[in-house]
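>
In this note's numbering, the protein residues as written are 7 to 181.
1. State the CB to CB distance for the pair residue 118 and residue 59, rounded to an integer number of angstroms; the pair is presumed to be in contact (CB under 8 Å).
2. Answer with buried or exposed for residue 27, where buried requires no fewer than 16 other C-beta atoms within 10 angstroms of its C-beta.
3. If you follow the alpha helix (DSSP H) that residue 107 is in, where does it begin and where does it stop?
4. Quick check: the segment 126 to 133 against the segment 66 to 74, are there 3 or more CB pairs under 8 Å?
5. Between residue 21 and residue 43, what straight-line distance do the alpha-carbon atoms span, to the nearest angstrom?
6. Roughly how many angstroms separate the alpha carbons of residue 16 and residue 126, rounded to a whole number?
7. Would you call residue 92 buried or exposed, if buried means 16 or more other Cβ atoms sit within 10 Å of its Cβ?
8. Measuring straight from C-alpha to C-alpha, what distance separates residue 172 and residue 40?
9. Straight-line CA distance for residue 150 to residue 165?
10. Buried or exposed: where does residue 11 fall if 16 or more other Cβ atoms within 10 Å of its Cβ makes it buried?
11. Could you tell me the boundaries of the beta strand (DSSP E) in which residue 125 lies?
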């Protein structure tokens with residue numbers, strides 16, 4: 007599942023997410039109105055199979071051109087810079103959330119690979135330069151996506167898939 011998510015782009019991501027939720031009964035999927043503390047207010051989709059987890063975060067920002075900087079400066083969080091403003095890096099927020107999820111769902115020495123996917127309306131001007139950094143963070147970034155407000159996305163919280171119910175329950179309780 008992680009490999010297939012990594013292949014998605016702005017033209018394929020929605021259809022792929024829906025196909026997982028609607029057509030694949032082995033995938034537990036759920037939609038969360040945010041994940042505390044870093045992604046509050048960001049719609050997130052969680053996809054779970056017995057061997058991995060994918061967290062898709064929708065970054066519904068004002069569409070703008072930004073330069074990504076994933077390096078913290080002094081004690082400040084990494085930032086994205088636009089022509090007239092800046093904001094905390096949404097990739098950093100997603101990465102911190104993934105780290106917290108890994109701690110929460112760790113069972114003994116079992117390791118669950120987790121991929122974060124950021125889907126953003128922003129145009130990241132230095133996206134090509136940031137690709138290696140994002141890969142190290144295990145975050146896939148899909149920029150220049152337009153949310154039309156009327157989009158709905160499927161989720162399939164199948165209670166028969168106990169592994170998904172358990173993991174999403176833990177994520178809901180975080181923060």
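Just so it is clear, CB atoms sit at the ideal spot from N, CA and C, and this is done for glycine as well.
According to the data block:
1. 6 Å
2. buried
3. 96 to 111
4. yes
5. Roughly 29 Å between the two C-alpha positions.
6. Computed Cα separation, rounded: 9 Å.
7. exposed
8. 17 Å
9. 35 Å
10. It is buried - the Cβ of residue 11 has at least 16 other Cβ atoms within 10 Å.
11. 120 to 126
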